[in-house]
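J.: Dropping the structure in here first, questions after.
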Amino acid sequence: MKHVRGPLCSVDVGEQTAESVPVDDLVETYLGGRALGTKLAHDRIPFDVDPLGPDNSVFFATGPLQHSTMSFTGRMSATGVSPLTDGLLSSNAGGFLSRNFTGTGYSAVEITGESDDLVIVHVTDDGVAFESVPGLEEATVPETCEYIEDEHGLDAEHTVVIGPGGENGVRFASIMTSEERAFGRGGLGAVLGSKNVKAITFDGDSAHEVEIPPLQMEIHGEAAQSDHIMKRQGTSSMTEFANMVEALPTHYFSDLSFDGAEGISGDRVEEKKYKKGTCSACAFACKLPTRDEESGLETEGPEYETVMAFGSNSGVDDIVDVMKSNKLCDELGLDTISAGDVVAAYLASEDEFGNVELIHELVERIAYREGIGDTLAEGVERIHDDLGVDNWTVKGLEFPAHDGRTLNGQGLAFATSNRGADHMYAEFYPYEYPLVDKDDAFEKAGLEDKPPKIVELENLNVIKDSAVLCKFSRDFVDADRLETLLDADYEDLLALGGEVVSLERHFNNQRGFDRADDTLPYEIPGFEDGLEAYYDERDWNDDGTVPAERLGGSNGAPADD
Numbered sequence: 005m006k007h008v009r010g011p012l013c014s015v016d017v018g019e020q021t022a023e024s025v026p027v028d029d030l031v032e033t034y035l036g037g038r039a040l041g042t043k044l045a046h047d048r049i050p051f052d053v054d055p056l057g058p059d060n061s062v063f064f065a066t067g068p069l070q071h072s073t074m075s076f077t078g079r080m081s082a083t084g085v086s087p088l089t090d091g092l093l094s095s096n097a098g099g100f101l102s103r104n105f106t107g108t109g110y111s112a113v114e115i116t117g118e119s120d121d122l123v124i125v126h127v128t129d130d131g132v133a134f135e136s137v138p139g140l141e142e143a144t145v146p147e148t149c150e151y152i153e154d155e156h157g158l159d160a161e162h163t164v165v166i167g168p169g170g171e172n173g174v175r176f177a178s179i180m181t182s183e184e185r186a187f188g189r190g191g192l193g194a195v196l197g198s199k200n201v202k203a204i205t206f207d208g209d210s211a212h213e214v215e216i217p218p219l220q221m222e223i224h225g226e227a228a229q230s231d232h233i234m235k236r237q238g239t240s241s242m243t244e245f246a247n248m249v250e251a252l253p254t255h256y257f258s259d260l261s262f263d264g265a266e267g268i269s270g271d272r273v274e275e276k277k278y279k280k281g282t283c284s285a286c287a288f289a290c291k292l293p294t295r296d297e298e299s300g301l302e303t304e305g306p307e308y309e310t311v312m313a314f315g316s317n318s319g320v321d322d323i324v325d326v327m328k329s330n331k332l333c334d335e336l337g338l339d340t341i342s343a344g345d346v347v348a349a350y351l352a353s354e355d356e357f358g359n360v361e362l363i364h365e366l367v368e369r370i371a372y373r374e375g376i377g378d379t380l381a382e383g384v385e386r387i388h389d390d391l392g393v394d395n396w397t398v399k400g401l402e403f404p405a406h407d408g409r410t411l412n413g414q415g416l417a418f419a420t421s422n423r424g425a426d427h428m429y430a431e432f433y434p435y436e437y438p439l440v441d442k443d444d445a446f447e448k449a450g451l452e453d454k455p456p457k458i459v460e461l462e463n464l465n466v467i468k469d470s471a472v473l474c475k476f477s478r479d480f481v482d483a484d485r486l487e488t489l490l491d492a493d494y495e496d497l498l499a500l501g502g503e504v505v506s507l508e509r510h511f512n513n514q515r516g517f518d519r520a521d522d523t524l525p526y527e528i529p530g531f532e533d534g535l536e537a538y539y540d541e542r543d544w545n546d547d548g549t550v551p552a553e554r555l556g557g558s559n560g561a562p563a564d565d
């Protein structure tokens with residue numbers, strides 16, 4: 005099996021030390037990216053850790069495909085214990101960082117401890133340096149990137165940065181890279197903020213060779229020649245389609261379609277797009293540099309989930325207003341999905357849907373924890389009673405689009421996800437709209453025959469997040485091609501994916517998670533039977549915990565608690 009190479013660089017920002025840790029046995033088994041990060045987190049982070057305490061770690065890792073020149077490989081993974089969900093969580097970001105990361109020669113980098121001063125950590129193939137930067141306190145992401153380029157000659161493609169949201173412990177603060185790409189979900193930006201780490205830079209010329217088969221060029225060529233709508237509209241192309249089938253959350257989840265959907269549609273985003281945007285080495289180029297000529301506003305996006313959160317769910321029908329929300333979140337370092345849903349919850353409580361001035365004010369107040377923003381920064385699960393609204397989360401993570409009340413299999417997938425309400429964990433929704441061939445599709449309603457497919461997709465997405473391979477490669481990289489690229493049997497890859505899902509679940513079980521957390525704020529017919537079938541497919545206990553023997557074996561995972 006193809007896998008990343010190189011040691012783990014373990015950085016303690018409190019002691020200001022860095023240690024190179026051999027992990028050859030782990031990388032050979034765990035591929036890279038999310039799988040490697042999950043295994044390292046499972047073994048190195050205490051089960052009872054405070055997510056915002058010094059003993060929590062954030063693990064950054066790439067995969068073997070970052071050593072290719074193939075489209076869909078400009079991504080990497082970050083893993084740690086989430087201050088939003090209180091569970092183990094991996095987040096994934098695109099951009100141009102991953103190949104600069106591989107240049108350091110490390111397979112993964114761990115950030116742990118807690119610095120007394122605000123610092124930037126510089127990781128290179130020559131070692132690790134620490135720079136005290138008190139002058140960057142509460143600096144925005146662009147301001148921090150500008151400082152790093154001016155002082156060190158490293159552009160934003162070499163950096164991960166937190167904004168004021170991370171420094172102020174907003175539980176859904178993101179880690180930003182390439183200025184506008186986000187490790188968004190779950191608040192890992194707040195974890196770096198708790199460690200007083202403002203930014204990390206990666207640079208070097210010591211990437212280990214990983215030979216990727218020539219198939220990479222065939223896939224790259226197909227991506228370049230494709231006339232896919234996402235090349236013009238990104239994921240925002242889903243907006244009107246989801247609205248038509250009543251799967252677009254609206255007015256804080258009180259409805260499933262939005263009268264103003266046309267004003268925030270993919271067509272409106274395409275009208276604002278002024279150049280191509282892409283990630284490292286990718287010819288698919290689905291990103292969305294957008295500009296409003298009248299106001300001069302420029303941003304990247306918004307993608308569909310942001311359109312939902314700050315558009316339909318907040319009662320906003322003008323794409324420029326959504327662009328402004330998107331830009332503010334990127335600059336301040338906030339996950340657009342959680343931030344938009346939290347804002348929508350407040351709007352529901354005050355009957356202020358569509359008040360764009362208030363929305364933009366709230367985003368800034370959240371980032372700086374000012375006034376009501378201090379409350380909203382805690383996330384919906386912790387504040388919904390105070391606001392008098394329903395708790396639209398799973399495991400504390402706010403919902404994306406692709407509403408499970410219409411797409412019932414996606415609803416079950418939200419419930420089973422170790423990450424919480426994340427549409428990319430299983431990515432079941434394409435099979436129910438459907439966006440796949442008719443022979444592979446499922447009816448939207450009901451859960452019959454869906455749990456085994458959810459398990460397969462969860463396992464497959466572990467492999468994609470470990471390789472690391474963009475989820476939008478699904479039309480270009482099938483099972484046979486994945487086998488060729490990674491020099492591994494497809495069923496063996498799925499088995500590894502299942503092992504990683506069980507490692508995540510086991511870690512979370514030790515923190516008190518069980519069946520009671522695999523739930524939804526709405527009813528789906530046959531839900532409990534579907535959940536039982538899911539557990540059976542995974543060989544888990546019927547209370548949602550992982551049996552001790554399920555984790556035993558050559559992987560070295562603990563055989564008991």
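Note that my numbering gives residue 268 to position 264 of the sequence shown, counting from 1, and the numbers run on in steps of one.
Where a beta carbon is used, it is the ideal one built from N, C-alpha and C, also for glycine.
#1: Could you tell me if the beta carbon of residue 57 falls within a distance shorter than 7 angstroms of some heavy atom in the ligand PLP?
#2: Between the alpha carbons of residue 416 and residue 333, how many angstroms are there, rounded?
#3: How should residue 549 be labelled, buried or exposed, when 16 other C-beta atoms within 10 angstroms of its C-beta is the threshold for buried?
#4: Residue range of the alpha helix (DSSP H) that residue 399 falls in?
#5: Where residue 50 and residue 255 are concerned, what is the direct C-alpha to C-alpha distance, given to the nearest angstrom?
#6: Would you kindly check if the distance between the Cβ of residue 194 and the Cβ of residue 87 is under 8 angstroms?
#7: Determine, using beta carbons only, whether residue 268 and residue 201 come nearer to each other than 8 angstroms.
#8: Closer than 8 angstroms, CB to CB, is residue 542 near chain C or not?
#9: Using the Cβ count rule (16 or more neighbours within 10 Å means buried), how would you classify residue 526?
#10: Give the secondary structure of residue 212 by DSSP, where H, G and I count as helix, E and B as strand, and everything else as coil.
#11: Answer with buried or exposed for residue 278, where buried requires no fewer than 16 other C-beta atoms within 10 angstroms of its C-beta.
#12: Can you tell me which of 158, 369, 184 and 239 puts its alpha carbon nearest to the alpha carbon of residue 204?
#13: Quick one, are the C-beta atoms of residue 74 and residue 223 less than 8 angstroms apart?
#14: Per DSSP, what kind of secondary structure is residue 233 in: helix, strand or coil?
#15: Which stretch, first to last residue, makes up the beta strand (DSSP E) that contains residue 13?
#16: Tell me where the beta strand (DSSP E) around residue 456 begins and ends.
#17: Alpha carbon to alpha carbon, how far is residue 318 from residue 365? Give it in angstroms, no decimals.
#18: Could you tell me whether the region 397 to 410 touches the region 87 to 105, where touching means 3 or more Cβ pairs closer than 8 angstroms?
#19: Can you list, in chain order, the residues of its chain with a C-beta nearer than 6 angstroms to that of residue 233? Leave out the 5 residues immediately preceding and following it.
#20: Output the boundary residues of the alpha helix (DSSP H) element that contains residue 41.
#21: Quick one: measure Cβ to Cβ for residue 144 and residue 336, integer angstroms, because I've assumed they're closer than 8 angstroms.
#22: Would you call residue 327 buried or exposed, if buried means 16 or more other Cβ atoms sit within 10 Å of its Cβ?
#23: Closest to residue 472 by C-alpha separation, out of 212, 69, 273 and 161, would be which residue?
#24: Tell me, please, which residues DSSP counts as bridged to residue 293.
#25: Could you tell me the distance, in whole angstroms, from the CA atom of residue 496 to the CA atom of residue 463?
#26: Mapping the DSSP letters down to three states, classify residue 135 as helix, strand or coil.
#27: In terms of DSSP beta bridges, what is residue 281 paired with?
#28: Counting pairs of beta carbons, one from the region 7 to 15 and one from the region 432 to 442, are three or more of them closer than 8 angstroms?
#29: Hey, how far is the Cα of residue 570 from the Cα of residue 501?
#30: Go ahead and label residue 560 buried or exposed: buried means 16 or more other beta carbons lie within 10 angstroms of its beta carbon, across all protein chains shown.
#31: Would you report the Cα separation of residue 264 and residue 316, rounded to the nearest angstrom?
#32: Under the DSSP definition of a beta bridge, which residues are partnered with residue 204?
#33: Taking 8 angstroms as the threshold, find out whether the region 58 to 67 comes into contact with the region 102 to 117 through three or more Cβ pairs.
#34: How many Å lie between residue 450 and residue 528 at the Cα?
#35: If you run the structure through DSSP and keep just helix, strand and coil, what is residue 557?
#36: Buried or exposed: residue 455, going by 16 or more other Cβ atoms within 10 Å of its Cβ?
T.: To lay it out plainly:
#1: Judged by which ligands are present, the structure shown has none, so any question about the ligand PLP falls away.
#2: In this structure, the CA atom of residue 416 is about 29 angstroms from the CA atom of residue 333.
#3: Buried, since its Cβ has 16 or more Cβ neighbours within 10 Å.
#4: Taken as a continuous stretch (DSSP letters only), residue 399 belongs to no alpha helix (DSSP H), as it is neither H nor E.
#5: 40 angstroms
#6: yes
#7: No, these two residues do not count as a Cβ contact at 8 angstroms.
#8: Protein chain content of the structure displayed is limited to a single chain, and chain C is not contained in it.
#9: Result: exposed.
#10: coil
#11: By the neighbour-count criterion, in which a residue is buried when 16 or more other Cβ atoms sit within 10 angstroms of its Cβ, residue 278 is exposed.
#12: Of 158, 369, 184 and 239, the smallest CA-CA separation from residue 204 is found for 158.
#13: yes
#14: coil
#15: 12 to 16
#16: Here residue 456 belongs to no beta strand (DSSP E); instead the alpha helix (DSSP H) covers 454 to 471.
#17: 14 angstroms
#18: yes
#19: 241
#20: 37 to 48
#21: 6 angstroms
#22: buried
#23: Closest option to residue 472, Cα to Cα, is 69.
#24: 304
#25: 11 angstroms
#26: strand
#27: 291
#28: no
#29: Beyond the ends of the chain as shown, which are 5 and 565, falls residue 570; an answer cannot be given.
#30: Summary for residue 560: the model assigns pLDDT 33, below 50, so the residue's position carries little reliability, and this model does not support an answer.
#31: 7 angstroms
#32: According to DSSP, which records beta bridges pairwise, residue 204 is partnered with 125 and 164.
#33: yes
#34: 7 angstroms
#35: With a pLDDT of only 38 at residue 557, under 50, the local geometry of the prediction cannot be trusted, and the value read off the model is given with reservation. Three-state result, residue 557: coil.
#36: buried
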